[in-house]
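Here the structure comes first, spelled out in structure tokens, and everything after it is commentary.
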Amino acid sequence: WVVSKRSWAKGKVLNHAGSNTMFFTVIWIAPEINFGCVVSTNIDDPENTIEKACDRVVGKLIEEFVLKSEKK
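Below, the structure is given as structure tokens:
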């Protein structure tokens, strides 16, 4: 687990990502705003391109459920 700070999370975030070569999962938790997301796939990816794709999905989830709700 990596603990860092992000402005969208209004403070601390916890992040973890990994693979067992059969699937890849990335997790983000933002306790200050009661938000968390898990993106997982069962795609075998020897070239590690799925990691970037999962990160893009996480970014879209943050955009949709955190940043857009701040604008309301």
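For the sequence shown, our numbering gives the first residue as 1232, with consecutive numbering after it. Every residue, glycine too, gets a C-beta built ideally from N, C-alpha and C.
Continuous alpha helix (DSSP H) stretch holding residue i: start and end
i	result
Ala1284	Thr1280 to Ile1293
C-beta neighbour in chain C for residue i, strict 8 Å
i	result
Asn1273	Included in the structure is just one protein chain, with no chain C present.
Spatial neighbours of residue i in its chain, beta-carbon cut-off 8 Å, leaving aside the 5 residues before and after
i	result
Gly1290	none
Residue range of the unbroken beta strand (DSSP E) whose run includes residue i
i	result
Lys1299	Premise fails: Lys1299 lies in the alpha helix (DSSP H), Lys1299 to Lys1302, not in any beta strand (DSSP E).
Trp1259	Phe1255 to Ala1261
Ala1240	Looking at the DSSP string, Ala1240 is not in any beta strand (DSSP E), and its letter there is neither H nor E.
Status (buried if at least 16 other CB within 10 Å, exposed otherwise) for residue i
i	result
Ile1281	buried
Val1269	exposed
Phe1255	buried
Through-space distance from residue j to residue i, alpha-carbon basis
i	j	result
Val1233	Asn1273	23 Å
Phe1296	Lys1283	20 Å
Close-in-space but distant-in-sequence residues of the same chain around residue i (CB under 7 Å, 5 per side omitted)
i	result
Gly1242	Lys1236 and Glu1263
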